[in-house]
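A short write-up of the structure that comes next.
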Amino acid sequence: MSEATISHITDRVIGHIHQWKNRRLEKVYMVVWRDAIVFKVRQEGKVIDKSVQIALGLNNNGRKEIPGMWICQNKSAAFRDE
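Residue numbers 54 to 135, in this note's numbering, belong to the letters of the sequence shown in order.
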């Protein structure tokens, strides 16, 4: 993808991202599941693994929501550090 294409996509979604990051979360989730997705990324000329840790919560109305996501150096880092 060209830099112009990436900039165009970023400009179109950035407002939605800020809105999602600043939304009001439930005070209590009945259940919270955590999982990770591992991606290969190029960083400083090297290809390394980074993981996105995802929390999925079940609220009192039975609706599933994603309370948060975190980027970590490896799959177990966030689980170990929290």
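A virtual CB, placed ideally from N, CA and C, is assigned to each residue, including glycine. This one's a predicted model, so the numbers in the text were calculated from it and none came from an experiment.
Please tell me whether residue i has its Cβ less than 8 Å away from any Cβ of chain C.
i: P120; result: The structure shown contains no chain C; it holds only a single protein chain.
Can you grab the Cα-Cα spacing for the pair residue i / residue j, in whole Å?
i: I59; j: S104; result: 21 Å
i: V66; j: A57; result: 15 Å
i: E118; j: H71; result: 17 Å
i: D64; j: V81; result: 33 Å
i: W123; j: I62; result: 21 Å
i: R77; j: Q96; result: 33 Å
i: H69; j: E79; result: 19 Å
i: A89; j: P120; result: 14 Å
i: M54; j: N113; result: 42 Å
What is the C-beta distance between residue i and residue j, in whole angstroms, given that I count them as a contact (C-beta under 8 Å)?
i: V91; j: I101; result: Not confirmed; about 10 Å, so no contact.
Mind checking who residue i pairs with in its DSSP beta bridge?
i: K117; result: L111
i: V84; result: L111
i: Q106; result: A89 and W123
i: R95; result: V100
Below 8 Å, can you find three or more Cβ-Cβ pairs linking the segment 107-124 to the segment 79-87? Flag = yes, the segment 107-124 and the segment 79-87 touch.
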